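Number 485 marks the last residue of the sequence shown (the numbering used here); no jumps.
Using N, Cα and C, we set each Cβ at its ideal position, and we do this for glycine too.
Quantities reported herein were computed from a predicted structural model and do not represent experimental measurements.
This report refers to the structure that appears directly beneath it.
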Amino acid sequence: MVDGITEKQKEVVDYILNKIKDDGLRPGEKLDTEISIAKSIGITRATVREATRILVEQQRIYRVKGSGIFVGSTEMSSQANRYHVLSPFDYQAQRNGHKGVRKIISVSIIKVPSADIAQALRIKNSDQIYKILRLMCFDDIPVALEHIHLPVNMFSSMEFSKLELSKYAYIEEVTGKKVQLRDQHLTAVNLTDTQSLTLLNLAEGDAVIQLNETVYLDDGVPCEVNVALINTRFFPLKQNSQRP
Numbered sequence: 242m243v244d245g246i247t248e249k250q251k252e253v254v255d256y257i258l259n260k261i262k263d264d265g266l267r268p269g270e271k272l273d274t275e276i277s278i279a280k281s282i283g284i285t286r287a288t289v290r291e292a293t294r295i296l297v298e299q300q301r302i303y304r305v306k307g308s309g310i311f312v313g314s315t316e317m318s319s320q321a322n323r324y325h326v327l328s329p330f331d332y333q334a335q336r337n338g339h340k341g342v343r344k345i346i347s348v349s350i351i352k353v354p355s356a357d358i359a360q361a362l363r364i365k366n367s368d369q370i371y372k373i374l375r376l377m378c379f380d381d382i383p384v385a386l387e388h389i390h391l392p393v394n395m396f397s398s399m400e401f402s403k404l405e406l407s408k409y410a411y412i413e414e415v416t417g418k419k420v421q422l423r424d425q426h427l428t429a430v431n432l433t434d435t436q437s438l439t440l441l442n443l444a445e446g447d448a449v450i451q452l453n454e455t456v457y458l459d460d461g462v463p464c465e466v467n468v469a470l471i472n473t474r475f476f477p478l479k480q481n482s483q484r485p
């Protein structure tokens, strides 16, 4: 397969490729974490990391900083010969024959709306945040509505149009740091909010997945709290979890 690959690395490569095949995983769908893979087959994480590096080079899988590893490949960006990794959202759009579109619906600066958000962002209850409503679409089909909360003290100014291209790329550009971790919690809810129903083109009582997410930079500082309402008929979620 690859010159110099060890038997242990080949075992990991075969495990991942068989997992993709057996589970019918498509481009953009998330794989197990490297820690989970290592525990599943009794191999060190360092070996798993080397094996996944091989698969990344072969464009069988790709990494998203702070999110994990996904099925699929990278494509070359036209800017400065840098590699741009398509997000799972973009892959899901493409596999359904659409283009992933992000639309900023509204922007405001408000006092942090709850103690929970203040605690998650490690700011005072009296501090201000940017509250951004962003609609995610497959072409003109709404699939997710994001309520984005960013601390004003971390972002002295905002070019909101850039959030319609890549939220995390812009956060990294402004802060000079990398997005490292996304702590996510999923719950099923029945929508009753009129604005959300209208934007997502749903009827009252329709079920959606609510994703509550806190995003951390590589220095461990939280930079965003996002509450997303997701219509999984169009944008299915796949998540792997394990007990500690």
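Roughly how many angstroms lie between the CA atoms of residue i and residue j, to the nearest whole one?
i: residue 357; j: residue 471; result: 21 Å
i: residue 416; j: residue 279; result: 33 Å
i: residue 475; j: residue 264; result: 19 Å
i: residue 377; j: residue 388; result: 11 Å
i: residue 273; j: residue 426; result: 17 Å
i: residue 360; j: residue 392; result: 12 Å
i: residue 367; j: residue 302; result: 44 Å
i: residue 379; j: residue 344; result: 11 Å
i: residue 386; j: residue 428; result: 15 Å
i: residue 308; j: residue 346; result: 26 Å
i: residue 282; j: residue 246; result: 17 Å
i: residue 353; j: residue 291; result: 43 Å
i: residue 431; j: residue 248; result: 50 Å
i: residue 257; j: residue 330; result: 22 Å
i: residue 401; j: residue 407; result: 10 Å
i: residue 339; j: residue 268; result: 14 Å
i: residue 414; j: residue 465; result: 15 Å
i: residue 456; j: residue 398; result: 19 Å
i: residue 325; j: residue 423; result: For residue 325, the predicted model reports a pLDDT of 37, less than 50, meaning its position is unreliable; a value from the coordinates is still stated below. The straight-line gap from Cα to Cα measures roughly 19 Å.
i: residue 260; j: residue 365; result: 45 Å
i: residue 381; j: residue 440; result: 11 Å
i: residue 469; j: residue 355; result: 16 Å
i: residue 448; j: residue 335; result: 24 Å
i: residue 445; j: residue 348; result: 25 Å
Just verifying my parser: in three-state terms, what is the DSSP assignment at residue i?
i: residue 277; result: helix
i: residue 428; result: strand
i: residue 445; result: coil
i: residue 344; result: strand
i: residue 465; result: strand
i: residue 295; result: helix
i: residue 320; result: Legend: pLDDT at residue 320 = 34, less than 50; position of this residue unreliable, value from coordinates given subsequently. DSSP places residue 320 in coil when its eight states are reduced to three.
i: residue 252; result: helix
i: residue 489; result: Because the chain in this structure spans residues 242 to 485, residue 489 falls outside the shown range and cannot be described.
i: residue 471; result: strand
i: residue 393; result: helix
i: residue 413; result: helix
i: residue 454; result: strand
Whose CA, out of the options, lies closest to the CA of residue i?
i: residue 395; options: 418, 442, 429 and 273; result: 418
i: residue 460; options: 421, 430 and 446; result: 421
i: residue 438; options: 383, 414 and 405; result: 383
i: residue 342; options: 405, 256 and 444; result: 405
i: residue 412; options: 431, 381, 448 and 458; result: 458
i: residue 410; options: 287, 340 and 305; result: 305
i: residue 295; options: 456, 465 and 255; result: 255
i: residue 287; options: 250, 261 and 335; result: 250
Tell me whether the beta-carbon of residue i lies closer than 8 Å to the beta-carbon of residue j.
i: residue 435; j: residue 450; result: no
i: residue 289; j: residue 275; result: yes
i: residue 270; j: residue 312; result: yes
i: residue 454; j: residue 467; result: yes
i: residue 285; j: residue 310; result: no
Could you round the C-beta distance between residue i and residue j to whole angstroms and report it? I think they count as a contact, below 8 Å.
i: residue 372; j: residue 390; result: 6 Å
i: residue 463; j: residue 363; result: 6 Å
i: residue 333; j: residue 350; result: Residue 333 to residue 350, Cβ: 32 Å. No contact.
With 8 Å set as the bound, which would you pick, yes or no: does the beta-carbon of residue i sit closer than that to a beta-carbon of chain D?
i: residue 276; result: Considering every chain present, this structure includes no chain D. It has just one protein chain.
Regarding residue i and the ligand ZN, is the C-beta to nearest heavy atom distance less than 7 Å?
i: residue 449; result: The ligand ZN is absent from the structure shown, which contains no ligand whatsoever.
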